[in-house]
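Number of protein chains: 2
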Amino acid sequence: MAGDTITPETMAARDRSDPLRRFRDAFVVPEGVIYLDGNSLGMLPRACAQRARTVVEQEWGRSLINSWNEHGWIDMPLRIGAAIAPLIGAGGDEVVVCDSTSVNLFKALASATAQRPDRRTIVTNDENFPTDVYIAEGLCRLKGNGYRLRAAPPDRLADVLGDDVAAVAYSHVDYKSARIEPMSEITAQIHACGALAIWDLSHSAGALPVDLNGANADFAVGCGYKYLNGGPGAPAFLFAARRHHDHMANPLSGWLGHAAPFEFGSRYRPAPGIARMITGTPPVVSMALLEAAVGIIADAGMQRLRAKSIDMTSLLVDLIAQECAGADLVLASPPDAAQRGSHVIFAHPDGYAIVQALKARGVIGDFRAPHFVRLGVAPITLSYADLWNGVQQIKAVMQAREWDQDQFRTRAAVT
Amino acid sequence: MAGDTITPETMAARDRSDPLRRFRDAFVVPEGVIYLDGNSLGMLPRACAQRARTVVEQEWGRSLINSWNEHGWIDMPLRIGAAIAPLIGAGGDEVVVCDSTSVNLFKALASATAQRPDRRTIVTNDENFPTDVYIAEGLCRLKGNGYRLRAAPPDRLADVLGDDVAAVAYSHVDYKSARIEPMSEITAQIHACGALAIWDLSHSAGALPVDLNGANADFAVGCGYKYLNGGPGAPAFLFAARRHHDHMANPLSGWLGHAAPFEFGSRYRPAPGIARMITGTPPVVSMALLEAAVGIIADAGMQRLRAKSIDMTSLLVDLIAQECAGADLVLASPPDAAQRGSHVIFAHPDGYAIVQALKARGVIGDFRAPHFVRLGVAPITLSYADLWNGVQQIKAVMQAREWDQDQFRTRAAVT
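Residue numbers (my numbering), protein chains in the order written: chain Y, -8 to 406; chain B, -8 to 406.
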């Protein structure tokens, strides 16, 4: 794009030729909202609204407990896992859906460290999404006995790798900068030192093609409510490479990960394969919504989604440069679209207030501490016209310094 | 009742004078079903069907990410916890709703054992609900270092108590027999040896009044989808006595249990109070359903629910004796209603097939290994007429040996 002026006509032409255009109609798009936060909570697929009614009113309401068999509730963790698998380069028997990303990361870290009993160090990144760091801290505290967490960014991993490192946990796409880590290279580096590689795909799954098995990853976790559009707090997924299935242990060894849960035996015996990573009874209604949503992403196809995402984040960066020159919005994501996920962040000293002022205009992005405006493009729901209009609103806010009012500067408890 | 013949008129009179009668109308009651399994999955409250539409279609669909503040999603774990608290004798700041019962039990056990670092034994009961045992096994495996599980039923607890016991975890109401354990006495016994007491209230909460603080309990967990009617796989609750709040640690130290999650700090700092027991993002839709359901139980009142439950389980036992004499259904619950929860089990060598044959007649109970027919009375939804009609169906099945067909004997994967 560099050099060419971007116009509303540029964007209209893009919308006309967008092979994913029809997918926008599969979602509820509220009037007057330009949603640049599908990376925090994906929009509502119409299929999910319908599925919610069915699972609640028909399945729970009418079939009651029989639904576990009649409506396949009992198979949801494995069935939805198998539906997510092709989106992340996994085998259909290597992914399960259950619990939250945090809980699943705990399982993966505990399972990985148990495979390296003579090693006591877990490595992650201080810039990783905080829950990933906190969960690793919690595991080290619980295990005691010399277990410790060391922090190093992926490009400085060599500084901390050594024969005490049991596992390394990184995010594939950084939640702030959107930088993509070279999963294959880093995994190879981790394996070369004898440790296991755990990847958090929360900002990757549904946003760009991921090839876990191509990268030889050991474990992975990820979120159901961002680009997979599974609904608020949707259950998370957990991947374990098939080579680990026979010997991996789930520290949260609950009854639904048992080999025969309905025998009610008095001792734990792990289910074969990935099923042993299930713990308790899954939240069926939230699971059903995620299942309905994943099918849409699969239909759209990860290659087409990635192509549109790259085009859109590039246009967003170029449009901000073109329309908001001098506004002091400093790009803090990789300038090369191939190296970033499906969101873009800009640093600004008044980032928090700017996000609030945009919200007052119906443009929903989010703030990330300490001073970042994060704008996500969910390629399945966002139109090019939205992107143009969103940047016009940003331009208006920046030109008039609209954020510079007390109402926007007062921080809410949550943002 | 003993001695008097129970007739349909007996039951009709009971229905007429039932102070909880109107609550049945708050639920969806499918045609042709007599539901004796509210202890596995409570029926659908009409308010939940409505809440599902609102939280999905309006809140998620229209307000999107802003719902975390606008619709109070972020407060759900503490808010729903506070709503459950009075049902279980807890303070409003001592209960949180999140994750599954299994995951919450792991947190409670880990937190309790961390408070007794010189002790290495966890005690539970082989007859406890299996996931409770499995989770304790998993914690011991993870901690290694001499941690071990010992099993003893509550009435033989003295045999295993000693100065190596860190925590004892029992169910308040046994999932098979429905026997109620004397929570106060056992807790006192546990404390006398210097250990902490953890109670599983899955078959108690919403079925009978519980007084956790009266019993001086340390931690408790329980299920949202049985007598609380929160929907399939509803999130679970976790209680921690206020005296533990300042020093207790959550081993699953996720971001939503952080003191300031939205500062995205690079090290974990626990939230004050019970909030630190939250881990990841809760499944909002399933949470919303539970919240709508809990209000109904609170309105009905635990004392009235218990009175009706006692009357109904007593009538059920007497009716089986009266109508199914000679059918070899042997009561395996305590004969004294004051000592049992809200379900009754009967042993029969063909228990599995009998449950299937009853299901074919629209009478839904469940089978519990190895040979128990479990019949639950959820006092908020069950009418006395249902109870009479259900027993008439049981009588018909038993008299004609209807269960004695291949179609009923073949075990499904799930029951």
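Yeah, the Cβ is synthetic: ideal placement off N, Cα and C, and Gly gets one too.
To which residues of the same chain is A232/Y closer than 6 Å at the C-beta, ignoring the five residues directly before and after it? Indexing the first sequence from 1 puts residue 232/Y at position 241. Cβ within range, chain order: D209.
For D395/B and L32/B, I'd like the C-alpha separation in whole angstroms. Position 404 of the second sequence, counted from the first residue, corresponds to residue 395/B. Position 41 of the second sequence, counted from the first residue, corresponds to residue 32/B. C-alpha of D395/B to C-alpha of L32/B: approximately 27 Å in a straight line.
For a quick check, are the C-beta atoms of G59/Y and G222/B less than 7 Å apart? In the first sequence, the residue the question calls residue 59/Y occupies position 68. In the second sequence, the residue the question calls residue 222/B occupies position 231. At residue 59/Y the sequence reads Trp, which differs from the Gly that was named. No, these two residues do not count as a Cβ contact at 7 Å.
Less than 7 Å between CB atoms is the rule here; does Q398/Y satisfy it with respect to chain B? Taking the first sequence and counting its residues from 1, the one referred to as residue 398/Y is at position 407. No, Q398/Y does not count as interfacial toward chain B.
Residue environment, Q390/Y, which counts as buried when at least 16 other CB atoms sit within 10 Å: On the first sequence, residue 390/Y is found 399 positions in, with the first residue counted as 1. With a 10 Å radius around the Cβ and a threshold of 16 neighbouring Cβ atoms, Q390/Y comes out exposed.
Would you check if the stretch 338 to 357 of chain Y and the stretch 299 to 313 of chain Y touch, i.e. whether three or more CB-CB distances between them fall below 8 Å? Flag = no, the stretch 299 to 313 of chain Y and the stretch 338 to 357 of chain Y do not touch.
Would a check of beta-carbon distances place V20/Y closer than 7 Å to chain B? Position 29 of the first sequence holds residue 20/Y. So, not an interface residue.
What three-state label does DSSP hand R400/Y in the structure shown? By one-based count along the first sequence, residue 400/Y stands at place 409. Helix, per DSSP.
List, in order along the chain, the chain Y residues whose C-beta lies closer than 7 Å to that of F363/B? Position 372 of the second sequence, counted from the start, is the residue given in the question as residue 363/B. In chain order: nothing, as chain Y lies at least about 10 Å away.
Can you find a CB in chain Y that lies within less than 7 Å of the CB of L229/B? For the purposes of this step, residue 229/B is identified with residue 238 of the second sequence, where counting begins at 1. By this cut-off, L229/B is not an interface position.
Buried or exposed: where does D377/B fall if 16 or more other Cβ atoms within 10 Å of its Cβ makes it buried? Residue mapping note: residue 377/B aligns to position 386 of the second sequence, counting from 1. Residue environment for D377/B: buried (at least 16 other C-beta atoms within 10 angstroms of its C-beta).
Residues in the same chain with beta-carbon distance under 7 Å from Q294/B, minus the five sequence neighbours each way, listed in chain order, please. Along the second sequence, one-based indexing puts residue 294/B at 303. Counting only residues of its own chain and dropping the five nearest sequence neighbours on each side, Q294/B has a CB closer than 7 Å to the CB of P200.
What residues from chain B crowd round L243/Y, counting only those whose CB sits closer than 8 Å? What you label residue 243/Y is simply residue 252 of the first sequence in a count that begins at 1. S93, V94, F97, I126, G129, listed in chain order.
Output needed in chain order: residues of the stretch 44 to 61 of chain B with a Cβ under 9 Å from some Cβ in chain Y. Cβ proximity to chain Y below 9 Å picks out R44, V46, V47, E48, E50, W51, G52, R53, S54, L55, I56, N57, S58, W59, N60 from the stretch 44 to 61 of chain B.
Coil, strand or helix - Y259/B by DSSP: For this step, residue 259/B is matched to residue 268 along the second sequence. Coil.
According to DSSP, simplified to helix, strand and coil, what is V46/B? Along the second sequence, one-based indexing puts residue 46/B at 55. Reduced to three states, the DSSP call for V46/B is helix.
Please determine, among V86/B, R141/B, G271/B, P252/B, the residue with the shortest C-alpha to C-alpha distance to N204/B. The residue given as residue 204/B occupies position 213 in the second sequence. From the listed residues V86/B, R141/B, G271/B, P252/B, the smallest Cα separation to N204/B is found for V86/B.
Please classify G264/Y: does DSSP put it in a helix, a strand, or coil? Your numbering for residue 264/Y matches position 273 in the first sequence. G264/Y falls in the helix class under three-state DSSP.
If you compare alpha carbons, which of A196/B, I269/B, A250/B, A329/B is closest to V285/B? The sequence position of residue 285/B within the second sequence is 294, counting from 1. Closest by alpha carbon: A196/B.
Helix, strand or coil for T115/Y, going by three-state DSSP, please let me know. Numbered from 1 along the first sequence, position 124 holds the residue referred to as residue 115/Y. Strand.
In angstroms with no decimal places, state the Cα-to-Cα distance between N207/Y and S175/Y. Taking the first sequence and counting its residues from 1, the one referred to as residue 207/Y is at position 216. Taking the first sequence and counting its residues from 1, the one referred to as residue 175/Y is at position 184. Take the alpha-carbon of N207/Y and the one of S175/Y: they are about 7 Å apart.
Interfacial residues, the stretch 304 to 333 of chain B to chain D, with Cβ spacing under 8 Å: Of the protein chains in this structure, namely Y and B, none is chain D.
Exposed or buried, what is N136/Y when buried is set at 16 or more other beta-carbons lying within 10 Å of its beta-carbon? For the purposes of this step, residue 136/Y is taken as the residue at position 145 of the first sequence. Label assigned to N136/Y: exposed.
Kindly identify the DSSP beta-bridge partner or partners of S162/B. Counted from its first residue, the second sequence places residue 162/B at position 171. In the DSSP output, where bridge partners are listed per residue, S162/B has D191/B.
The stretch 140 to 152 of chain Y in contact with the stretch 296 to 303 of chain Y per 3-pair CB rule at 8 Å: As far as the Cβ criterion goes, the stretch 140 to 152 of chain Y does not touch the stretch 296 to 303 of chain Y, which means the pair count is below three.
Using a Cβ-Cβ cutoff of less than 7 Å, which residues in the same chain neighbour H62/B once the five nearest sequence positions on both sides are dropped? Residue 62/B sits at position 71 when you count from the first residue of the second sequence. Same-chain partners within the cutoff: E50, S54.
At the level of alpha carbons, what is the spacing between M(-8)/B and A328/B? Residue mapping note: residue -8/B aligns to position 1 of the second sequence, counting from 1. Residue mapping note: residue 328/B aligns to position 337 of the second sequence, counting from 1. Low confidence applies to M(-8)/B: its pLDDT is 45, below 50, so where it sits in the model is not reliable enough to give any reading.
In the structure shown, what three-state DSSP assignment does Y138/B receive? By one-based count along the second sequence, residue 138/B stands at place 147. Assignment of Y138/B by DSSP, reduced to helix, strand and coil, places it in the coil class.
Below 7 Å between beta carbons: does that hold for D239/B and S102/B? The residue you call residue 239/B lines up with position 248 of the second sequence. The residue you call residue 102/B lines up with position 111 of the second sequence. For the record, residue 239/B in the displayed sequence is Met; it is not Asp. Result yes, Cβ atoms of M239/B and S102/B sit closer than 7 Å.
Pairwise C-alpha distance: A262/Y and A225/Y: Stepping through the first sequence from its first residue, residue 225/Y is reached at position 234. Stepping through the first sequence from its first residue, residue 262/Y is reached at position 271. Distance between the alpha carbons of A225/Y and A262/Y is about 24 Å.
With burial defined as no fewer than 16 other Cβ atoms inside 10 Å of the residue's Cβ, what is the status of P10/B: buried or exposed? Residue mapping note: residue 10/B aligns to position 19 of the second sequence, counting from 1. The residue in question, P10/B, is exposed, as its Cβ has fewer than 16 Cβ neighbours within 10 Å.
Per DSSP, what kind of secondary structure is D155/B in: helix, strand or coil? For the purposes of this step, residue 155/B is taken as residue 164 along the second sequence, with counting starting at 1. Three-state result, D155/B: coil.
Distance between N116/Y and S257/B (C-alpha atoms, nearest Å): Mapped onto the second sequence, residue 257/B falls at position 266. Mapped onto the first sequence, residue 116/Y falls at position 125. S257/B and N116/Y: Cα-Cα distance of roughly 9 Å.
Boundaries (first-last residue) of the beta strand (DSSP E) holding L366/Y: Taking the first sequence and counting its residues from 1, the one referred to as residue 366/Y is at position 375. Segment 363 to 367, the beta strand (DSSP E) holding L366/Y.
DSSP on D237/B, reduced to helix/strand/coil? As a working mapping, residue 237/B is identified with position 246 in the second sequence. In the structure shown, D237/B sits in coil (DSSP, three-state: anything other than H, G, I, E or B).
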